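I have placed the structure first, in the form of structure tokens, so that the comments after it can refer back to it.
Residue numbers (the numbering used here): 3 to 184.
Structure (structure tokens):
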């Protein structure tokens with residue numbers, strides 16, 4: 003959806019990880035993947051009350067490490083028609099190109115000491131529109147009492163936390179570009 007010149011915001015469902023059945027403080031990975039899959043019409047098999055809980059169990063039952071980007075790619079591609087174009091050398095422009103093509107992005111970053119994963123669903127001239135499953139990020143930490151839906155994270159913030167070794171010209175973003183054959 004193009005809202006105005008220079009701004010694109012995809013319609014990506016928001017899920018909070020705080021209410022997850024399994025590991026609510028460590029399931030940003032499957033929650034971010036669930037947001038993208040749900041937006042493509044994937045509803046799961048009903049084995050768990052939430053798609054993200056099913057994805058957590060799918061990882062457990064199939065020997066997939068939800069912290070591994072390559073295993074998250076495998077998880078996405080277990081669903082018919084779903085694809086994950088993953089790179090460890092993503093750039094900000096790669097994110098913008100994917101969003102423009104209608105592909106929501108999942109990125110890994112150091113929003114927390116142990117790392118955190120969010121969905122980038124859009125962009126504008128000054129940053130990115132995100133769905134953050136843990137709430138809203140601030141330099142002092144997270145406010146988990148508010149929704150992480152449709153937040154605006156600046157280009158500088160994404161650069162610092164997602165590619166800290168190349169902040170001025172980010173080129174090491176762990177980036178999943180996710181899409182579905184309709």
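Cβ coordinates follow ideal geometry from the N, Cα and C atoms, glycine included.
It should be emphasised that the depicted structure is a prediction, and the values quoted were computed from it without experimental measurement.
First through last residue of the alpha helix (DSSP H) which encompasses residue i
i, result
"residue 8", "Run containing residue 8: none; DSSP gives neither H nor E here."
"residue 101", "94-102"
"residue 121", "First-last for residue 121: 118-125, but that is the beta strand (DSSP E), not the alpha helix (DSSP H)."
"residue 161", "157-164"
"residue 79", "71-79"
Nonlocal neighbours in the same chain, by C-beta distance under 8 Å from residue i, ignoring five residues either side
i, result
"residue 60", "66, 77, 80"
"residue 195", "Nothing about residue 195 can be reported from this structure: the residues present for the chain run from 3 to 184 only."
Presumed contact (8 Å Cβ cut-off) between residue i and residue j, rounded CB distance
i, j, result
"residue 41", "residue 135", "Contact flag wrong, Cβ pair sits at about 14 Å."
"residue 107", "residue 97", "5 Å"
"residue 124", "residue 160", "The Cβ separation is near 12 Å, so there is no contact."
Contact under 8 Å by Cβ, residue i with residue j
i, j, result
"residue 257", "residue 53", "In this structure the chain extends from 3 to 184, so residue 257 is not present and cannot be described."
"residue 94", "residue 172", "yes"
"residue 121", "residue 37", "yes"
"residue 68", "residue 32", "yes"
"residue 152", "residue 131", "yes"
"residue 190", "residue 157", "Lying before the first or after the last residue shown, residue 190 is absent from the chain, which here runs from 3 to 184."
"residue 12", "residue 104", "yes"
"residue 126", "residue 8", "yes"
Residue from the options with nearest C-alpha to residue i
i, options, result
"residue 84", "153, 44, 174, 160", "44"
"residue 24", "142, 35, 62", "62"
"residue 92", "12, 167, 184, 127", "167"
"residue 112", "30, 126, 49", "30"
"residue 35", "163, 47, 55", "55"
"residue 20", "143, 141, 142, 137", "137"
"residue 163", "22, 150, 140", "140"
"residue 154", "133, 142, 143", "133"
"residue 2", "143, 22, 142", "A query on residue 2 cannot be resolved here, the shown segment of the chain reaching from 3 to 184 and no further."
Chain-order list of residues whose beta-carbon lies under 6 Å from that of residue i (same chain, five-residue window excluded)
i, result
"residue 4", "Only weak support is given to the placement of residue 4: the predicted model assigns it a pLDDT of 49, under 50, and the value that follows is read from those uncertain coordinates. Excluding sequence neighbours, residue 4 sits near 10."
"residue 182", "42, 83, 84"
Same chain, Cβ closer than 7 Å to residue i, neighbours up to 5 away in sequence not counted
i, result
"residue 165", "172, 173, 174, 175"
"residue 148", "137, 138"
The beta strand (DSSP E) enclosing residue i, as first and last residue numbers
i, result
"residue 62", "From DSSP, residue 62 is part of no beta strand (DSSP E) but of the alpha helix (DSSP H) over 53-63."
"residue 41", "Per DSSP, residue 41 belongs to no beta strand (DSSP E); it is in the alpha helix (DSSP H), 30-41."
"residue 177", "175-182"
"residue 1", "One cannot answer for residue 1 here, as it falls past the ends of the chain, which runs 3 to 184."
"residue 129", "129-133"
"residue 140", "138-140"
"residue 108", "107-111"
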